[in-house]
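Q: Handing you this structure, nothing more for now.
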Amino acid sequence: MTIDGYTRTCGLIGNPVEHTLSPLIHNTLAKKLSHNLVYVPFHVEEGKVLSAVQGAYALNVLGLNVTVPYKSQVMDALLEIDELAEKIGAVNTLVRMEGGFKGYNTDMPGLYRAMSSEGIQIEGQEIILLGAGGAARAVALLCASKNASKVYLLNRSVEKAQAVAGEVNEKTGKNVILPMSLSDYHHLPDQKFLAIQATSVGLYPDTGRAVIEDDAFYQKIHTGYDLIYKPSHTRFMQLVQKQGGKAYHGLKMLLYQGIIAYELWNDIAVSEEMATEVYEVLKEKMGI
Ligand code: NAP
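Counting in our numbering, the sequence shown runs from 10 upward without gaps.
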């Protein structure tokens, strides 16, 4: 592309940002849609988030993504926060408006769009959710909001599972999230579940591990969705498949959180055909 005086800038703030796939998503979209837009990663040092956001606004930056460890901290630097992001308590997308940036969360709608595109339903389902960190919290909120009938939230630190369950149940006015200790998985009812893996266990470079190793647990899973996308075939996925279940990795979630951000910045709808084309580019980069 030619960068000229009309080129709009978007970017990612976080620490670290060096291994991000987001520039590939956004610059591919800009190229395919013939938008004069460039997306760059910005490594922001601890304590500099506020000045980074103010500086980006002063530099006429169109929009930003926000990654670890700033998804909560950045909320103090915003003019407005979308209702869903407020509920989740984390912002991953900033959209330029008159006087400052508005914060959104596209991770949760991104996961929903990714799951829907695979034909995976949340509505009316009994779900096992592994983890109680930032991602799991958003997934628990998604499941409750989309009317899952029950969500067994299993975490190593049971207090965290209890805190997330309490908060999500209160915010949604539903009593569907049931906290459990990870080691109590054998107490789960004897039936088949959709399981969403939202812990960091198995993430590159520690790829040989799954949060639960027992085959008996995987016999209870008809579909396993791992939020991890590096590696693209996690140990969790292998264990699900070994017991006959279907297994998915988190690359499509990454794709759609990016697409939704791009839609917000440019006030457009990205077609499914275009999403598929960008996904092919991402897969090629990942060697899938
Ligand atoms: P986080 O806030 O650090 O939470 C980590 C979770 O993993 C906690 O529940 C923690 O349990 C659990 N955990 C860590 N080590 C463990 C161990 N050895 N045994 C058992 N449990 C362990 O991380 P996060 O931001 O929620 O991210 C979680 C995962 O989601 C990451 O792998 C990330 O890559 C992935 N993710 C993917 C996307 C995507 O677009 N595909 C987006 C966001 C996140 P304790 O509470 O007991 O410590």
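For glycine and all other residues, C-beta sits at the position ideal for the given N, C-alpha and C.
Here the structure is a predicted model, which is why all the values come from computation and not from measurement.
Using only Cβ atoms and a threshold of 7 Å, which residues come within that distance of a heavy atom of the ligand NAP? Order them by chain position.
A: V77, D116, G119, G140, A141, G142, G143, A144, A145, N164, R165, S166, K169, L191, A207, T208, S209, V210, L212, V220, L236, I237, Y238, G259, L260, M262, L263 and Q266
Q: Which ranges does the beta strand (DSSP E) cover as unbroken runs of at least 3 residues, wholly within the segment 97 to 133, from first to last along the chain?
A: Fully enclosed beta strand (DSSP E) runs of 3 or longer: 102 to 106 and 109 to 113.
Q: Measure the CB-CB distance between V177 and A149 and report whether it falls below 7 Å.
A: yes
Q: Please tell me whether V100 and G112 are closer than 7 Å, where the distance is taken between their beta carbons.
A: yes
Q: How many angstroms separate the CA atom of Q130 from the CA atom of L151?
A: The alpha-carbon atoms of Q130 and L151 are separated by roughly 12 Å.
Q: Taking E55 and N24 to be in contact with their CB atoms under 8 Å, please state how far apart those CB atoms are, rounded to whole angstroms.
A: Indeed they touch by this definition, with Cβ atoms about 7 Å apart.
Q: Compare the C-alpha of L191 against each of E179, Y161 and Y213 and name the closest.
A: Y161
Q: Could you pull the start and end residues of the beta strand (DSSP E) that L46 belongs to?
A: L46 to H52
Q: Should K80 be labelled buried (16 or more other beta-carbon atoms within 10 Å of its own) or exposed?
A: Residue environment: K80 is assigned as buried (16 or more neighbouring CB atoms within 10 Å of its CB, all protein chains considered).
Q: Determine the DSSP secondary structure at H28, reduced to helix, strand or coil.
A: Note: H28 maps to coil in three-state DSSP.
Q: Within the same chain, show all residues whose beta-carbon is closer than 7 Å to that of P240, passing over the 5 residues directly before and after it, in chain order.
A: Y213 and T216
Q: Could you compute how far the alpha carbon of I34 sits from the alpha carbon of V290?
A: So the two alpha carbons sit approximately 8 Å from each other.
Q: Going residue by residue through the segment 233 to 264, where are the continuous alpha helix (DSSP H) segments of at least 4 residues, counting only ones entirely within it?
A: 244 to 251
Q: Based on DSSP bridge pairs, tell me the residues matched to P188.
A: According to DSSP, which records beta bridges pairwise, P188 is partnered with L162.
Q: Given E286, which residues of its chain have a CB within under 7 Å of its CB, disregarding the five upstream and five downstream residues?
A: K41
Q: Residues in its own chain within less than 6 Å of Y227 by CB, not counting five upstream and five downstream?
A: L248, V249 and Q252, listed in sequence order.
Q: Spatial neighbours of K8 within its chain, please: C-beta separation below 6 Å, excluding the five flanking residues on both sides.
A: Outside the displayed span of the chain (10 to 297) sits residue 8, for which this structure offers no information.
Q: Helix, strand or coil for A144, going by three-state DSSP, please let me know.
A: helix
Q: Would you give the residue range spanned by the alpha helix (DSSP H) that E176 belongs to?
A: V167 to T181
Q: Where does H258 land, buried or exposed, given buried means 16+ other C-beta within 10 angstroms?
A: buried
Q: Do A153 and V185 have their C-beta atoms within less than 7 Å of each other?
A: yes
Q: In angstroms, rounded to a whole number, what distance separates the CA positions of H242 and G20?
A: Rounded to the nearest angstrom, the gap between the Cα atoms of H242 and G20 is 29 Å.
Q: Given T208, which residues of its chain have a CB within under 6 Å of its CB, disregarding the five upstream and five downstream residues?
A: L139, G140 and V220
Q: With DSSP run on the structure shown, which of helix, strand or coil describes V279?
A: coil
Q: Residues bridged to I230 by DSSP?
A: F202
Q: If you follow the beta strand (DSSP E) that G211 is part of, which residue opens it and which one closes it?
A: G211 -> no beta strand (DSSP E), and no H or E assigned at all.
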